[in-house]
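With my numbering as the guide, the letters of the sequence shown map in order to residues 3 to 403. Think of the CB as a built atom: it goes at the ideal place given N, C-alpha and C, for glycine as much as any other residue. Here the structure is a predicted model, which is why all the values come from computation and not from measurement.
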Amino acid sequence: MNILVLNCGSSSVKYKLIEIKANKVLAEGGIEKIGLPDAFIKFKFGNEKIQQDLDINDHVGAIKSILDNLTSKEYGCIKDFKEIDAVGHRVVHGGEKFNKSVLINDEVIAKIKECYGIAPLHNPVNMAGIDAINEVLPEVPQVGVFDTAFHQTMPAKSYMYALPYKYYAEDGVRRYGFHGTSHRYVSQRVCEFLGVEPKGKKIITCHVGNGGSITAVKDGKSIDTSMGLTPTEGLMMGTRCGDVDPGALIFLMDKHNLSSKDMLNMVNKESGLAGISGVSSDMREITAAAKQGNEKAILSLEMYEQRITKYVGAFAAEMGGVDIIVFTGGVGEHQSSTRANVCNPLRFMGVEIDDAANDANNGDEGIISTPNSAVKVVVIPTDEEYMIAKDTEAIIEGREP
């Protein structure tokens, strides 16, 4: 069964074609800058990385270009579109409407659109990908896999905000959490890797990169997570501020006559590592600047790492301990110094990092704690596309995802 996985952003489409029975990636790549004169597609072909300029006005055009590329004589891996058995879509926000992946039909589409109000930057473009497949491949079944679904097992004490209850009842204002597909994958995979059952295990999954979130997973279920109604809450990120006193935002709005749009832009695009360091949102550039003695770059790294430690400690307390800490995401998989700086303050909990194993690990599955550590610390590369494909396969075959 060949499954096309699509992840549609506002001006981009990432894709991966997976032969799921053999767990084989047939093709992967992405289109960026949709609607702009310098739009392009980049993809892997064998050991080559290829980039080509394109003239693309919308997501329908982008997906047509992807399909053309998959069936082209020069770079194609399938002969025609009939070899695509299903399409799995990443959908960012499912609200309280979806607690698992679902086959997309008119009713599901209506519910995705009902979430536009709480996910105006994400759901409309995810929907654009669904519409595009309906237009280009109308006979191919589609499945929606929701970032928020994994976190629907959180109890009310974890997801409720201490705001007037009417705003939850009338407007759905609560913590939903994100990166759920990644947290679900790595929390399952780490148990397979260690040869243990999820039942009875207390796991903290740290998906940290340009965006980042942490989840407390108990008995295989999410019981708390750091992101909230939107992906802005929680950790300090590349350009997002994470947790901040709402009173500080009101103060700045009043003092500088900032609109809600101004504030939305500031907390999502001008803050985080970029806002503090003044260097970049890219961890590699900030780390290089810090090594050269840039004080703001050093401060931004210290803030970034301290907030991860704080959430790990809080979630360990909430669960009454922790058995496994997992690092994943761009920074979690590749930045050994961040992993060490996050874990070293947790020695009081019995966390002991094996410095040699940690330094040697650059994105491979592996244990980076010492044999004597009371807590297993493990690096597990995330694979959201595989998880989306597996859910799609299950639903197409009539099984529970």
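Quick one, are the C-beta atoms of residue i and residue j less than 8 Å apart?
{"i": "residue 301", "j": "residue 288", "result": "no"}
{"i": "residue 90", "j": "residue 391", "result": "yes"}
{"i": "residue 205", "j": "residue 192", "result": "yes"}
{"i": "residue 71", "j": "residue 43", "result": "yes"}
{"i": "residue 86", "j": "residue 6", "result": "yes"}
{"i": "residue 1", "j": "residue 103", "result": "Within the shown structure, residues of the chain are numbered from 3 to 403, placing residue 1 beyond reach of any answer."}
{"i": "residue 240", "j": "residue 270", "result": "no"}
{"i": "residue 17", "j": "residue 58", "result": "no"}
{"i": "residue 46", "j": "residue 34", "result": "no"}
{"i": "residue 351", "j": "residue 318", "result": "yes"}
{"i": "residue 236", "j": "residue 245", "result": "yes"}
{"i": "residue 365", "j": "residue 336", "result": "yes"}
What three-state label does DSSP hand residue i in the structure shown?
{"i": "residue 218", "result": "strand"}
{"i": "residue 253", "result": "helix"}
{"i": "residue 116", "result": "helix"}
{"i": "residue 384", "result": "coil"}
{"i": "residue 55", "result": "strand"}
{"i": "residue 199", "result": "coil"}
{"i": "residue 181", "result": "coil"}
{"i": "residue 63", "result": "helix"}
{"i": "residue 146", "result": "strand"}
{"i": "residue 284", "result": "coil"}
{"i": "residue 155", "result": "helix"}
{"i": "residue 355", "result": "strand"}
{"i": "residue 47", "result": "strand"}
{"i": "residue 341", "result": "helix"}
{"i": "residue 410", "result": "The first residue shown for the chain is 3 and the last is 403, placing residue 410 beyond what the model contains."}
{"i": "residue 104", "result": "strand"}
{"i": "residue 318", "result": "helix"}
{"i": "residue 25", "result": "coil"}
{"i": "residue 4", "result": "strand"}
{"i": "residue 404", "result": "The structure shown has nothing for residue 404, since the chain only spans 3 to 403."}
Where does residue i land, buried or exposed, given buried means 16+ other C-beta within 10 angstroms?
{"i": "residue 25", "result": "exposed"}
{"i": "residue 125", "result": "buried"}
{"i": "residue 50", "result": "exposed"}
{"i": "residue 144", "result": "buried"}
{"i": "residue 74", "result": "exposed"}
{"i": "residue 189", "result": "buried"}
{"i": "residue 363", "result": "buried"}
{"i": "residue 128", "result": "buried"}
{"i": "residue 258", "result": "exposed"}
{"i": "residue 263", "result": "exposed"}
{"i": "residue 114", "result": "buried"}
{"i": "residue 110", "result": "buried"}
{"i": "residue 375", "result": "buried"}
{"i": "residue 386", "result": "buried"}
{"i": "residue 121", "result": "buried"}
{"i": "residue 107", "result": "exposed"}
{"i": "residue 23", "result": "exposed"}
{"i": "residue 400", "result": "exposed"}
{"i": "residue 173", "result": "exposed"}
{"i": "residue 369", "result": "buried"}
{"i": "residue 164", "result": "exposed"}
Hey, out of the options, whose CA is closest to residue i's CA?
{"i": "residue 183", "options": "9, 327 and 76", "result": "9"}
{"i": "residue 285", "options": "163, 334 and 54", "result": "334"}
{"i": "residue 234", "options": "83, 84, 178 and 368", "result": "178"}
{"i": "residue 78", "options": "19, 110, 310 and 263", "result": "19"}
{"i": "residue 278", "options": "295, 305 and 368", "result": "305"}
{"i": "residue 338", "options": "129, 210 and 163", "result": "210"}
{"i": "residue 142", "options": "62, 105 and 35", "result": "105"}
{"i": "residue 37", "options": "11, 27 and 52", "result": "11"}
{"i": "residue 130", "options": "319, 215, 15 and 307", "result": "15"}
{"i": "residue 355", "options": "202, 372 and 153", "result": "372"}
{"i": "residue 394", "options": "147, 116 and 95", "result": "147"}
{"i": "residue 342", "options": "311, 65 and 324", "result": "311"}
{"i": "residue 83", "options": "139, 117, 309 and 267", "result": "139"}
{"i": "residue 123", "options": "99, 94, 296 and 149", "result": "94"}
{"i": "residue 61", "options": "80, 54 and 32", "result": "32"}
Heavy atom of the ligand ATP less than 7 Å from the Cβ of residue i, yes or no?
{"i": "residue 108", "result": "Absence of the ligand ATP from the depicted structure is noted, as is the absence of any ligand whatsoever, leaving it without description."}
Counting pairs of beta carbons, one from the segment 372-389 and one from the segment 314-332, are three or more of them closer than 8 Å? yes
Please confirm if the segment 146-157 is in contact with the segment 223-233, defined as three or more CB-CB distances below 8 Å between the two stretches. yes
Are three or more beta carbon pairs between the segment 214-221 and the segment 342-352 nearer than 8 Å? no
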